[in-house]
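Protein chains in written order, with our numbering: chain A, 164 to 298; chain B, 164 to 298; chain C, 164 to 298. Structure first, then comments.
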Amino acid sequence: MKKTVYNPKALVAPIGHFDRAVRLGDWLFISGTSALTNVSGPMSQRQLVSGIEAQTRETLNNIETVLKDAGGTLENVYEIRVILKSREDFPVVDRILRDRMPKRGFIAHGYEGTLLHPQMELEIEANAYLGPTES
Amino acid sequence: MKKTVYNPKALVAPIGHFDRAVRLGDWLFISGTSALTNVSGPMSQRQLVSGIEAQTRETLNNIETVLKDAGGTLENVYEIRVILKSREDFPVVDRILRDRMPKRGFIAHGYEGTLLHPQMELEIEANAYLGPTES
Amino acid sequence: MKKTVYNPKALVAPIGHFDRAVRLGDWLFISGTSALTNVSGPMSQRQLVSGIEAQTRETLNNIETVLKDAGGTLENVYEIRVILKSREDFPVVDRILRDRMPKRGFIAHGYEGTLLHPQMELEIEANAYLGPTES
């Protein structure tokens, strides 16, 4: 099976020793992504866009950038895990998912968590299947 | 590869814009499931069965309902992730898993987390393989 | 597809009703692993090695033991999820990952969480692909 790693130039380098995405055959696994993923500089000095709505949109844009690099789109995503600083924000995230991934076709997990950077309002893990599908 | 989504009528609709389960080939990925998964009404007004034992059993019943819809059983599950409101409850969950999935054949991850609904004592994520297996 | 479970004798039995690892075809899924995974005795009485550095190394050694049992190495790992008691410890974990998995080829997720045993500083979930790969 072919294994390929993706670290798109349109984003910054991962904040640690890992790859942004790994493709095995037609399966694409993407590292936890946030509004931090496209901001450069030492971790503690990065300034993120403010608010759950802006951060959710930025996060999905960053996931889309990874998918594009691997030849896919958000429609290829079949699983997301949303870690929220505050569970009260779930309806906002849900509304934006509806907007950005209107056809659905994915499962979701969600809960509160303390994320690595204090300004992060959420992080989204996403897995995608890039091969042809019939339904 | 064939892609199919499952939103069993025996459960209520997902609380957000996602599917209850997605099947890709013989792999079945199930959204985080809880005792909330079969209770209808606006999120904040749903009344859940009370206590870790009842919620664990209800959660596994709900996962079983999804699996049945996709042509499988709890024996097809190869991975679970248990998010507990209180880690003190782990032995209860473990006892019920022993009862409901006696043959094992699955890995498990577990930790405490703050779940989306205040009455939720636990949520279980489950992945299953529905194709034939030899061992 | 062939399904095999792994519970290496070089480690102690899992603390609950689950298997240490499950292999489906060439995919290997490993239960959340920690410095607890090779210490025997009742959960509450187990004494873990102390400090994030020692626990991270012990955890990776334990994951390596599982992989070896299944015919693999740390180079087969394509995904890790690191749950940390304190996010301040992330740089230490990152440094050790760099040391132990120098070629990268994996994605990573990380956040703070309350783990099942009070002495646990971290837990790592790992998935591996054991078949041949080309890049």
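C-beta: ideal position from N, C-alpha, C; glycine also.
Is the beta carbon of residue i sitting closer than 8 angstroms to the one on residue j?
i	j	result
alanine 289 of chain A	glutamate 216 of chain A	no
valine 168 of chain A	serine 203 of chain A	no
arginine 244 of chain B	glutamate 275 of chain B	no
leucine 285 of chain A	leucine 237 of chain A	no
threonine 222 of chain C	isoleucine 178 of chain C	no
isoleucine 198 of chain A	leucine 211 of chain A	A small fix is needed here, since residue 198 of chain A is alanine in this sequence, not isoleucine. Cβ distance < 8 angstroms, so alanine 198 of chain A and leucine 211 of chain A count as in contact.
methionine 164 of chain C	threonine 296 of chain B	yes
alanine 184 of chain C	asparagine 239 of chain C	no
valine 255 of chain B	threonine 200 of chain B	no
asparagine 170 of chain B	aspartate 182 of chain B	yes
glycine 234 of chain C	leucine 293 of chain C	yes
histidine 280 of chain A	arginine 261 of chain C	no
serine 298 of chain C	lysine 166 of chain A	yes
Applying a beta-carbon distance threshold of less than 9 angstroms, which residues of chain B neighbour residue i?
i	result
lysine 165 of chain C	Thr296, Glu297, Ser298
arginine 261 of chain A	Gly179, His180
Mind listing the chain B neighbours of residue i? Cutoff is C-beta to C-beta under 7 angstroms, in chain order.
i	result
glutamate 275 of chain A	Gly276, Thr277
If you run the structure through DSSP and keep just helix, strand and coil, what is residue i?
i	result
arginine 209 of chain B	coil
lysine 231 of chain C	helix
leucine 338 of chain A	There is simply no residue 338 of chain A to check, as chain A begins at 164 and stops at 298 in what is shown.
isoleucine 226 of chain B	helix
alanine 176 of chain A	coil
glutamate 192 of chain B	What sits at residue 192 of chain B in the sequence shown is phenylalanine, not glutamate. Three-state DSSP puts phenylalanine 192 of chain B in a strand.
leucine 187 of chain C	strand
threonine 200 of chain C	coil
threonine 236 of chain B	coil
leucine 278 of chain C	coil
arginine 267 of chain B	coil
glutamate 284 of chain A	coil
Residue i touches chain C at which residues, Cβ-Cβ below 8 angstroms?
i	result
proline 286 of chain A	Correcting the residue identity first, residue 286 of chain A is glutamate in this sequence and not proline. Result: His272, Tyr274.
alanine 184 of chain A	Ile270
valine 175 of chain A	Neighbours of valine 175 of chain A on chain C: none; closest Cβ ~15 angstroms, over 8 angstroms.
Name the chain A residues whose beta carbon is nearer than 8 angstroms to that of residue i?
i	result
leucine 237 of chain C	Under the 8 angstroms cutoff, chain A gives no residues; its nearest Cβ is about 13 angstroms from leucine 237 of chain C.
valine 245 of chain B	None at all; the shortest Cβ gap to chain A is about 12 angstroms.
Run down chain C in chain order and give the residues with a C-beta less than 9 angstroms from the C-beta of residue i.
i	result
phenylalanine 253 of chain B	Ile178, Gly179, Met206, Leu279
Name the chain B residues whose beta carbon is nearer than 8 angstroms to that of residue i?
i	result
leucine 187 of chain C	Tyr241, Tyr292, Thr296
For a contact defined as C-beta to C-beta under 9 angstroms, what are the partners of residue i on chain A?
i	result
alanine 256 of chain B	A small fix is needed here, since residue 256 of chain B is valine in this sequence, not alanine. Result: empty, since nearest Cβ-Cβ is about 16 angstroms, beyond 9 angstroms.
Exercise. Does the count of Cβ pairs from the segment 184-197 of chain B and the segment 225-232 of chain B closer than 8 angstroms reach three?
Worked result: yes
- [ ] Tell me, please, whether the segment 263-271 of chain C touches the segment 264-278 of chain B by the rule of three or more beta-carbon pairs shorter than 8 angstroms.
- [x] no
- Item | Residues of the segment 190-201 of chain B with Cβ closer than 8 angstroms to any Cβ of chain A, in chain order | Phe192, Ile193, Ser194, Gly195
- Residues from the segment 204-230 of chain B in contact with chain C, defined by Cβ distance under 9 angstroms: none
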